[in-house]
Each structure stands twice: as structure tokens, then as C-alpha cells.
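Just below is one structure, and these are the notes that go with it.
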Amino acid sequence: MFRNILVPTDGSPLSHRAIKRAIQLAKEQKGRVTGYYVGPTWKPKGGDDDSIAYRMISPQQHADIVKRAADRILNAVKKASEKAGVPCNTAYSMGDYPYLKIVEAAKRNGCDLILMATHGRRGISRLLLGSETTKVLAHSTVPVMVCR
Amino acid sequence: MFKNILVPTDGSAPSRKAIKRAVQLAREQRARVIGFYVGPPWQLPVYSEYVPPEVMSPKDHAAAVKKTAARYLGAVKKAAAASGVRCKCAYVLGAHPYDEIIKAARRYRCDVIVISSHGRRGISRLLLGSETTKVLAHSTVPVLVCR
Numbered sequence: 203m204f205r206n207i208l209v210p211t212d213g214s215p216l217s218h219r220a221i222k223r224a225i226q227l228a229k230e231q232k233g234r235v236t237g238y239y240v241g242p243t244w245k246p247k248g249g250d251d252d253s254i255a256y257r258m259i260s261p262q263q264h265a266d267i268v269k270r271a272a273d274r275i276l277n278a279v280k281k282a283s284e285k286a287g288v289p290c291n292t293a294y295s296m297g298d299y300p301y302l303k304i305v306e307a308a309k310r311n312g313c314d315l316i317l318m319a320t321h322g323r324r325g326i327s328r329l330l331l332g333s334e335t336t337k338v339l340a341h342s343t344v345p346v347m348v349c350r
Numbered sequence: 004m005f006k007n008i009l010v011p012t013d014g015s016a017p018s019r020k021a022i023k024r025a026v027q028l029a030r031e032q033r034a035r036v037i038g039f040y041v042g043p044p045w046q047l048p049v050y051s052e053y054v055p056p057e058v059m060s061p062k063d064h065a066a067a068v069k070k071t072a073a074r075y076l077g078a079v080k081k082a083a084a085a086s087g088v089r090c091k092c093a094y095v096l097g098a099h100p101y102d103e104i105i106k107a108a109r110r111y112r113c114d115v116i117v118i119s120s121h122g123r124r125g126i127s128r129l130l131l132g133s134e135t136t137k138v139l140a141h142s143t144v145p146v147l148v149c150r
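Line by line, the protein sequences give chains C and U. If you're matching positions, the first sequence starts at 203 in my numbering and goes up one per residue. If you're matching positions, the second sequence starts at 4 in my numbering and goes up one per residue.
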């Protein structure tokens, strides 16, 4: 039923749990996983996102920093997939609206399921359901499995 | 990965799609499907001090809900039987469907809830149905949201 599972991850512990589930499900379904990361866009005047320090750096420097973060975060997906013997590919992009990129990535990569955590890096305290997860649910054209 | 798949239904077209997916997943996982319906609680319709004469008694209301449940849950039984999937169905009366759904997941030891993004009240008003949103917020097991 699910041959290609898109797993968006922001490197947070909850994302790690979603990755584990996705790989387990892919293994049972004899399918594959596609790890996906959305980094922040370069902003000349700075912004709210403080995951990557990007003030006073050039767009090229920003792109390099995002690439390093993506490699680190997506490596977790690659390693876990390899261990389970599940085929895996990864992709990343930069965007102000992660949910849009995620929904597009699912379409572009031919994914038939998006599996993601209820919350990401910004954590549980404020919302019952994370903001990006909520928006992915609202806009996805494929089924979305939400795991805690 | 999944042994008991809870599929809440309100008889709507989106629900029927969720039922299809739940049965397919159950077949692949050799799991059991648990169809679940939450009917409205009996309420005495009082308009200021006037009670309309054609009021349903609690007993008649319960019978009506039972009939509706049989119809909606019958769709789950049919789909499951057609795919050779084990199935159990249950229904309750409750003012808060999401709450009953969460309790049912616990009661029947379900390890996933398969639910449609919207139900009877349709897509026009909300990006994500109100009960589905609440199930997502409170569920302790994964929730597969289908459109």
C-alpha cells in the first residue's frame, strides 16, 4: 500500500521517532523511504528562526551552512534505513513555508504516504498539534500518518 | 506493525474512503479492523419553555441510532469480508466523538487510527475536520489521515 514514504525531519527527537516508524513500515511494506529536510531561507536582515546563525553572511555561505545541516540531519535517515535494509533516498530544500515544500516533495518524489511527528523542534508546550504538521495535513494530496 | 486498526466512521463519503484504506492496510498487515460509530446523545429539544409534541423518547432515539450504526458499520463489515479481513464493530452514543474514539482505541487495544480528513460536515468550512483535529491532538497512537 505504501511503496514510498516521505519522512520530513527537522532533526528533533520527535522526528527521530517518526523516522524509526517510517522505516519499520517501509520494511513491512517492502517499500522505500525518502528523508526530507527544509532549511530556512537566507534573510539579509535576520529573522525569528535561530536554528542556523545566518546574519551577516552571504547567500552562498548560508547555502553551505544549510547543506551541512541537511547532510547531518538526513544522515540519520540514511543510517537507520541501511541498518534495516530499507532503500532510502534523501532530499532537502530551503523554504519559508516548510509545509509547502513537504507537500511538493511528496508529489515530486512519487510518495504515497507522508509520515511525520506531531511536533518538531519547537516542541510540545505551546500547541496540541505542531504548526507545520497541521498545515501538511490540510494541504497534502496523499495520506498523512501522524505519530507521537 | 499494526494488529488492531480502528476506523471511525460517520457514514460520509470521506469515511468510506478511510474504510477502504483501513481494510487494505489490515490485509497487508494481517490485522483486524475495528469499525466504530459515535451516535448523537439523546437530547430533549426545548425551545425556551416550549417542548415540541413530536419528541422522540430516549428509547426511540436509541433504536434510531442503532439502525444508523448498523448501516454505517455494515459498510465496514462488507469491505472487510470482501478482503478476507477480520472485523469487529462497535458504536456508542456521545456528545464528543473524538473523546469516544480515543477511548475506543484504548478499549480495543488499537495501534493505529485510520480516519478521514473530513466527515459529514464537509470540506467547505475547515481545512481539517473538527473531530479529526481533536483526535490528532489527543491520540496516543499513530493516526493515518486520509482524504
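Backbone N, C-alpha and C define an ideal beta-carbon position, used for all residues, glycine too.
Handout entry: alanine 85 of chain U, buried or exposed, once every other Cβ within 10 Å from all chains shown has been counted against 16
Key = Indexing the second sequence from 1 puts residue 85 of chain U at position 82. Burial call: exposed.
Exercise for the section: Check whether the Cβ atoms of threonine 243 of chain C and aspartate 298 of chain C lie closer than 8 angstroms to each other. Expected result: Your numbering for residue 243 of chain C matches position 41 in the first sequence. Your numbering for residue 298 of chain C matches position 96 in the first sequence. It is a contact, given that the beta carbons lie within the stated cut-off.
Handout entry: Backbone CA spacing between glycine 312 of chain C and tyrosine 294 of chain C [nearest angstrom]
Key = Taking the first residue of the first sequence as position 1, residue 312 of chain C is located at position 110. Taking the first residue of the first sequence as position 1, residue 294 of chain C is located at position 92. Taking the straight line joining both Cα atoms gives about 15 angstroms.
Exercise for the section: Using the Cα positions of leucine 47 of chain U and alanine 340 of chain C, report the straight-line distance between them to the nearest angstrom. Expected result: On the second sequence, position 44 is the one that residue 47 of chain U refers to. On the first sequence, position 138 is the one that residue 340 of chain C refers to. Whole-angstrom Cα-Cα distance: 36 angstroms.
Exercise for the section: Provide the residue(s) that pair with phenylalanine 161 of chain U in DSSP beta bridges, ordered along the chain. Expected result: No information on residue 161 of chain U is available, as it lies outside the stretch 4 to 150 that chain U covers here.
Exercise for the section: State buried or exposed for glutamate 134 of chain U, treating a residue as buried only when at least 16 other CB atoms are found within 10 Å of its CB. Expected result: Within the second sequence, numbered from 1, the residue matching residue 134 of chain U stands at position 131. Under this definition glutamate 134 of chain U is a buried residue.
Handout entry: Contact under 8 angstroms by Cβ, glycine 132 of chain U with serine 120 of chain U
Key = Indexing the second sequence from 1 puts residue 132 of chain U at position 129. Indexing the second sequence from 1 puts residue 120 of chain U at position 117. For glycine 132 of chain U and serine 120 of chain U, yes; Cβs fall inside 8 angstroms.
Practice task
Check alanine 34 of chain U in the structure and name its three-state DSSP category.
Solution key: For the purposes of this step, residue 34 of chain U is identified with residue 31 of the second sequence, where counting begins at 1. In the structure shown, alanine 34 of chain U falls within a coil segment according to DSSP collapsed to helix, strand and coil.
Handout entry: Minimum C-alpha distance to valine 148 of chain U - residue among U:Ser18, U:Ala107, U:Met4
Key = Position 145 of the second sequence, counted from the first residue, corresponds to residue 148 of chain U. If we check each option's Cα against that of valine 148 of chain U, U:Ser18 comes out closest.
Handout entry: Listed by chain order, chain C residues near glutamine 27 of chain U by CB distance under 8 angstroms
Key = In the second sequence, residue 27 of chain U corresponds to position 24, counting from 1. What glutamine 27 of chain U touches in chain C: Met203.
Exercise for the section: Examine chain U for any beta-carbon lying closer than 8 angstroms to the beta-carbon of tyrosine 256 of chain C, and answer yes or no. Expected result: Taking the first sequence and counting its residues from 1, one reaches residue 256 of chain C at position 54. Low confidence applies here, because tyrosine 256 of chain C scores a pLDDT of 48, under 50, leaving its location unreliable and the question unanswered by this model.
Practice task
State yes or no: is the beta carbon of cysteine 349 of chain C nearer than 8 angstroms to at least one beta carbon in chain U?
Solution key: As a first step, residue 349 of chain C must be located in the first sequence, where it is residue number 147. Chain U has a Cβ within less than 8 angstroms of the Cβ of cysteine 349 of chain C.
Exercise for the section: Leaving out five residues on either side along the sequence, give the residues of the same chain with a beta carbon under 7 angstroms from the beta carbon of alanine 282 of chain C. Expected result: Here residue 282 of chain C refers to the residue found at position 80 when the first sequence is read from its first residue. Around alanine 282 of chain C, the same chain offers Ile221, Lys222, Ile225 as residues with beta carbons nearer than 7 angstroms, after the five sequence neighbours per side are excluded.
Exercise for the section: Quick one: residues in its chain with C-beta nearer than 8 angstroms to the C-beta of glycine 14 of chain U, no 5 flanking neighbours on either side, listed in chain order? Expected result: For the purposes of this step, residue 14 of chain U is taken as the residue at position 11 of the second sequence. Excluding sequence neighbours, glycine 14 of chain U sits near Tyr40, Thr71, Arg74, Tyr75, Ala78, Arg123.
Exercise for the section: Whole angstroms is fine: what's the gap from leucine 216 of chain C's alpha carbon to glycine 287 of chain C's? Expected result: For the purposes of this step, residue 216 of chain C is taken as residue 14 along the first sequence, with counting starting at 1. For the purposes of this step, residue 287 of chain C is taken as residue 85 along the first sequence, with counting starting at 1. Straight-line Cα distance between these residues: approximately 22 angstroms.
Exercise for the section: Mind checking which residues open and close the alpha helix (DSSP H) that includes arginine 110 of chain U? Expected result: Against the second sequence, residue 110 of chain U aligns to sequence position 107. Annotation: the continuous alpha helix (DSSP H) that includes arginine 110 of chain U extends over 100 to 110.
Handout entry: Residues that arginine 234 of chain C bridges to, as DSSP identifies them
Key = The residue labelled residue 234 of chain C in the question sits at position 32 within the first sequence. DSSP, once it has assigned bridges, lists C:Asn206 as partnering arginine 234 of chain C.
Practice task
Report yes or no: is there a C-beta of chain U within less than 8 angstroms of the C-beta of alanine 340 of chain C?
Solution key: Along the first sequence, read from residue 1 onward, the residue named residue 340 of chain C stands at position 138. At least one CB of chain U lies nearer than 8 angstroms to the CB of alanine 340 of chain C.
Exercise for the section: Could you tell me how far apart the beta carbons of alanine 140 of chain U and leucine 330 of chain C are, in whole angstroms, since I believe they sit closer than 8 angstroms? Expected result: Taking the first residue of the second sequence as 1, we reach residue 140 of chain U at position 137. Taking the first residue of the first sequence as 1, we reach residue 330 of chain C at position 128. Beta-carbon to beta-carbon, alanine 140 of chain U and leucine 330 of chain C are separated by about 4 angstroms, close enough to satisfy the 8 angstroms threshold.
Problem - Simplified DSSP state of asparagine 277 of chain C, which is helix, strand or coil - result: Working through the first sequence from its first residue, we reach residue 277 of chain C at position 75. Secondary structure of asparagine 277 of chain C (DSSP, three-state): helix.
Handout entry: Within 8 angstroms, strictly: CB atoms of glycine 38 of chain U and cysteine 113 of chain U
Key = Looking up residue 38 of chain U in the second sequence gives position 35. Looking up residue 113 of chain U in the second sequence gives position 110. Cysteine 113 of chain U sits away from glycine 38 of chain U, with the two beta carbons spaced by 8 angstroms or more.
Handout entry: Contacts around alanine 29 of chain U, its chain only, beta-carbon distance under 6 angstroms, and the 5 residues preceding and following it disregarded
Key = On the second sequence, residue 29 of chain U is found 26 positions in, with the first residue counted as 1. Excluding residues within five positions, the ones whose Cβ falls inside 6 angstroms are Ile8, Val36, Val88.
Practice task
Look up lysine 245 of chain C in the DSSP assignment and say whether it is helix, strand or coil.
Solution key: Looking up residue 245 of chain C in the first sequence gives position 43. Of the three classes helix, strand and coil, the one that applies to lysine 245 of chain C here is coil, per DSSP.
Problem - Own chain, CB closer than 6 angstroms to isoleucine 207 of chain C, minus 5 neighbours either side, in chain order - result: Residue mapping note: residue 207 of chain C aligns to position 5 of the first sequence, counting from 1. Ala224, Ala228, Val235, Leu315, Leu317.
Practice task
Go to tyrosine 94 of chain U, then tell me how far its alpha helix (DSSP H) extends in each direction, as first and last residue.
Solution key: The sequence position of residue 94 of chain U within the second sequence is 91, counting from 1. Premise fails: tyrosine 94 of chain U lies in the beta strand (DSSP E), 90 to 96, not in any alpha helix (DSSP H).
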